[in-house]
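Below you'll find the structure, written out as structure tokens, and then a few comments.
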Amino acid sequence: MTHTLTLRTRVGAVALAAVVLAALAVVYTVRATDRGTTPAGASGVTLDNTPGLYVRTADGTIAALAGSERKPTGLSCRRFYAGAAKSVCLTTKPGVPPRSQAVILDRTLKPQRIVTFGGTPNRARVSPSGRMVSWTVFVSGDSYAGNAFSTRSGILDTQTGYLIKNVETLQLTLDGRRYSASDVNYWGITFAADDNRFYATVSTRGKTYLVEGDLRAWTARTLRENVECPSLSPDGTRIAYKKRVRKGTSDPWRLHVLDLKTLRDTPLAEPRSVDDQAAWLNDKTLAYALPGSAQGSSDIWSVRADGSGQPKRVARDASSPSMNPGEGTRRGQGGVGAR
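When we follow numbering that gives the first Met the number 0, the leftmost residue of the sequence shown carries the number 0, and every step to the right adds one.
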């Protein structure tokens, strides 16, 4: 009898300890997530009251630029992007293997929804209205410059809650013919104002293409070869992108702008290799990140979109530029979920 009670006591103690440890683990996970994605609450920065350029600073936090002043948002993100009504913060969740999260934020920069997936955060975009959100992660390797990398891109309709975990199921038309292959990868999604049309890079058989996609029809067609990390202009007429102009080097790209009507492109006045998805500051100017003077650092530069002028440094020790247009941006009527 004594032995039975002792055994029961031990089992009960172990079970209680397991419950306590599980509770502590849950608390730690939630708190760790909060530290990485929740605003501190003291800054008062919102998408409405602080339009302008948002950047990721050297310590991984997001700040709004107001002249030479940086207004902290309280967010810690690997990548950040803002639309008129919502923004997205890509962050890494600790664990083995590590996971990534897309934290969808409202106008006040408070989390509304968290989507968890595998991979390393790389690109993020929000449609002009704020309805559609996309992200791209590396799932093998860590650079577009290597030959052994793979990407995954997802899309969330924040209005309907419809989630597309991987856009590789798109019905792709390449050079006028239906196309399917096991090596197809998509990245760098950028949305049009109608919340239905989008542009992205697709790669297959060692080549990259610009594709125009239709969310409701769930189709995409190639428009031009050798286009990576597209970014649609605010007026919807041009695509800024990085073009591979040198092979077998560590600096293969140069920024170009493509006219969607004529499909003629213009090399920009930035001669350095830009490995970034450029952000439009307005219809005439682009912003992008380049390596800084210190190892591992980066600075944000701007250049005119017509090929004229000279590059100008916008912010030191910063990356992930995103132009928040503030209130008054036209809202789209498209979206997904009813294909």
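The C-beta atom is built at its ideal place from N, Cα and C for all residues, glycine as well.
Cβ of L262 within 8 Å of Cβ of T221?
Not a contact, by the Cβ cut-off of 8 Å.
Three-state secondary structure assigned by DSSP to V273
V273 carries a coil assignment under DSSP once its states are collapsed to helix, strand and coil.
Spell out a yes or no on whether the segment 223 to 241 and the segment 200 to 208 are touching, meaning 3 or more CB-CB pairs, one atom from each, closer than 8 Å.
Segments in contact, yes.
Can you find a heavy atom of the ligand GDP that lies under 7 Å from the Cβ of T72?
Ligands in the displayed structure: none, and consequently the ligand GDP is not present.
Is A21 helix, strand or coil when you go by DSSP?
A caution first: A21 carries a pLDDT of 35, below 50, which makes its placement in the model unreliable, though a value can still be read off. The DSSP-derived three-state label of A21 is helix.
Please state the DSSP three-state secondary structure of V166.
In the three-state scheme derived from DSSP, where H, G and I count as helix and E and B as strand, V166 is classed as helix.
Where D141 falls: helix, strand or coil (DSSP)
Confidence in D141 is poor, its pLDDT being 48 and thus under 50, which makes the residue's placement too unreliable to answer from.
Looking at P310: is its Cβ nearer than 8 Å to the Cβ of A288?
At the C-beta level, P310 and A288 stay beyond 8 Å of one another.
Could you have a look at S127 and say whether DSSP puts it in helix, strand or coil?
The sequence shown places Pro at residue 127, rather than the Ser named in the question. Coil at P127, not helix or strand.
Could you pull out every residue in the same chain whose Cβ sits closer than 7 Å to the Cβ of A191, ignoring the five residues on either side in sequence?
Cβ neighbours of A191 beyond the five flanking positions: F197, L231, G235.
Provide the residue(s) that pair with C88 in DSSP beta bridges, ordered along the chain.
Note: C88 sits in a beta bridge opposite F79, V102.
For A239 and L280, which I take to be in contact (beta-carbon distance under 8 Å), what is that distance rounded to the nearest angstrom?
Incorrect: roughly 11 Å between the Cβ atoms, too far for contact.
Closer than 7 Å by C-beta to E167: which residues in its own chain qualify, once you throw out the five before and the five after it? Chain order, please.
Close CB contacts of E167 within its chain, under the 7 Å cut and outside five residues either way in sequence, are with V183, Y185 (chain order).
Integer Cβ distance of S80 from A123, believed to fall under 8 Å:
The sequence shown places Tyr at residue 80, not Ser. With a Cβ gap of about 4 Å, Y80 and A123 count as contacting.
To the nearest angstrom, report how far apart K164 and V302 are at their CA atoms.
When rounded, the separation of the alpha-carbon atoms in K164 and V302 is 34 Å.
Which of helix, strand or coil does DSSP assign to N323?
Under the three-state reduction of DSSP, N323 is assigned to strand.
T49 versus K92, V95, K70, H255, residue with shortest Cα-Cα distance
Comparing Cα positions, the closest option is K70.
Quick check: the Cα distance between K242 and E211, rounded to an integer number of angstroms?
C-alpha separation (whole angstroms): 17 Å.
Short Cβ contact (8 Å threshold) for V132 with V95:
V95 sits away from V132, with the two beta carbons spaced by 8 Å or more.
Report the option in G73, A84, T60, K85 whose CA atom is closest to the CA atom of G43.
In terms of CA proximity to G43, G73 leads the group G73, A84, T60, K85.
Can you check whether the CB of A314 is closer than 8 Å to the CB of V54?
Their beta carbons are under 8 Å apart, which means V54 touches A314 by this criterion.
Mind checking R78: buried by the 16 CB within 10 Å criterion, or exposed?
By the neighbour-count criterion, in which a residue is buried when 16 or more other Cβ atoms sit within 10 angstroms of its Cβ, R78 is buried.
Thinking just about the alpha-carbon of each residue, which of T218, D156, T189, S318 is nearest to the one in Y178?
Checked all of T218, D156, T189, S318; the closest Cα to Y178 is T218.
Any idea what DSSP makes of L280, helix, strand or coil?
In this structure, L280 counts as coil in the three-state DSSP scheme.
For D298, does the three-state DSSP call read helix, strand or coil?
Strand, per DSSP.
Quick one: is E269 buried, meaning 16 or more other Cβ sit within 10 Å of its Cβ, or exposed?
Classification of E269: buried, given that the 10 Å Cβ count is 16 or more.
Just the Cα atoms here: how many angstroms apart are L169 and S297?
Their Cα atoms are separated by approximately 35 Å.
Is it true that the CB of C76 sits closer than 8 Å to the CB of L89?
Yes, they are a contact pair.
Have a look at Q100, R112, T119 and flag the residue whose alpha-carbon is nearest the alpha-carbon of T159.
Ranking Q100, R112, T119 by Cα distance to T159 puts R112 first.
Identify which residue in P266, D250, D258 has its Cα closest to the Cα of P290.
Of the listed residues, the one whose Cα sits closest to P290 is D250.
When the distance is taken between beta carbons, is D156 closer than 8 Å to R130?
Judged by beta-carbon spacing, D156 lies within the 8 Å limit of R130, meaning their Cβ atoms are closer than that value.
My assumption, with CB atoms under 8 Å, is that T115 sits in contact with R98. Please give the rounded CB distance.
Going by Cβ atoms, the distance from T115 to R98 rounds to 5 Å, so yes, they are a contact pair.
Please state if the CB of P127 and the CB of A57 are separated by a distance shorter than 8 Å.
Taking C-beta atoms as the reference points, A57 and P127 fail to come closer than 8 Å.
Report, in whole angstroms, the separation of the C-beta atoms of W134 and G153, which I expect to be a contact under 8 Å.
The Cβ separation is near 6 Å, so the contact holds.
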